[in-house]
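Below: the structure, in C-alpha cells.
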Amino acid sequence: MKGQGNGYGRIAPRAVALAIDLVLIGFVTTMISSVLGTDSHGVVASVISWLYFAVQESSGWMATLGKRAMGLAVQGVDGRQLSFSRASIRWVGRWASGLVLGLGYLLALFTDKNQTLHDLIAGTVVVQR
1 MKGQGNGYGR
11 IAPRAVALAI
21 DLVLIGFVTT
31 MISSVLGTDS
41 HGVVASVISW
51 LYFAVQESSG
61 WMATLGKRAM
71 GLAVQGVDGR
81 QLSFSRASIR
91 WVGRWASGLV
101 LGLGYLLALF
111 TDKNQTLHDL
121 IAGTVVVQR
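Written out as C-alpha cells, the structure reads:
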C-alpha cells in the first residue's frame, strides 16, 4: 500500500473523522428538519452537509470537527488553505467517491498521498497535524 507513514491522513483516522462528522450532520439535520417540518433526507440534509464540510474545510481550521478530533486537516496539493469554492468541489466529489460501492474512497490505499477520488477531483490532500 502506498502513502503509509508519509504525513498524509491515513484511512483509519479519516474513516473515524467521517463517522464523527456524519453523526453530527445527522443530529443537526434531524433538529432543523423537525423545526421546519420536512423530511430530513432531502434538500435540507444536502445543504447542511455541503455547508458543514465546505465552510469548515475552507476555514482557518482547514478541517471539520471530526477531522480536528482526529488531528487531520485538508489543504490543496500546493499546501494552501482551500477556498470555499474548492471545498465545495471536494464535497461534490464525495458523491463520485461513494458511487460503485465506495471505490472512490478506496483509492486512498493506492495513491502516494492517500488521496480519494474527491481529493483528486478537487486537487486536495488530507494531512496529519
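Going by UniProt numbering, the sequence shown opens with residue 1, and the numbers climb by one from there. Here a beta-carbon is modelled for each residue, glycine too, at the ideal position from N, C-alpha and C.
Close Cβ partners of residue i (< 7 Å) along its chain, the five nearest in sequence each way excluded
i, result
"Gly9", "Leu72, Asn114, Val126, Val127 and Gln128"
"Val47", "none"
"Val16", "Met70"
"Tyr105", "Ser97 and Thr116"
"Ile25", "Ile48, Ser49 and Tyr52"
"Ile20", "Leu65, Gly66 and Ala69"
Range covered by the alpha helix (DSSP H) that runs through residue i
i, result
"Gln56", "Val43 to Glu57"
"Gly102", "Phe84 to Leu106"
"Leu117", "Leu117 to Ala122"
Candidates the options: closest to residue i by CA position
i, options, result
"Trp61", "Gln81, Val92 and Ala19", "Gln81"
"Asp119", "Asp112, Leu99, Leu109 and Gly93", "Gly93"
"Leu18", "Leu65, Ser58, Thr111 and Gly7", "Leu65"
"Arg90", "Arg14, Phe110, Ala54 and Ile11", "Ala54"
"Ile11", "Arg86, Asp112 and Gly123", "Asp112"
"Pro13", "Ile121, Gly79 and Ala108", "Ala108"
"Gly7", "Gly79, Gly37 and Thr29", "Gly79"
"Arg86", "Thr124, Met31 and Thr29", "Thr124"
"Gln56", "Leu101, Ser88 and Thr30", "Ser88"
Opposing strand residues paired with residue i [DSSP bridges]
i, result
"Tyr8", "Val127"
"Leu72", "Gln128"
Rounded Cβ spacing between residue i and residue j (contact assumed at less than 8 Å)
i, j, result
"Ser33", "Val44", "5 Å"
"Phe84", "Ser58", "4 Å"
"Val74", "Ala63", "6 Å"
Nonlocal neighbours in the same chain, by C-beta distance under 8 Å from residue i, ignoring five residues either side
i, result
"Asp39", "Ser33"
Cβ neighbours of residue i in the same chain (closer than 6 Å, five flanking residues each side left out)
i, result
"Ile121", "Gly93"
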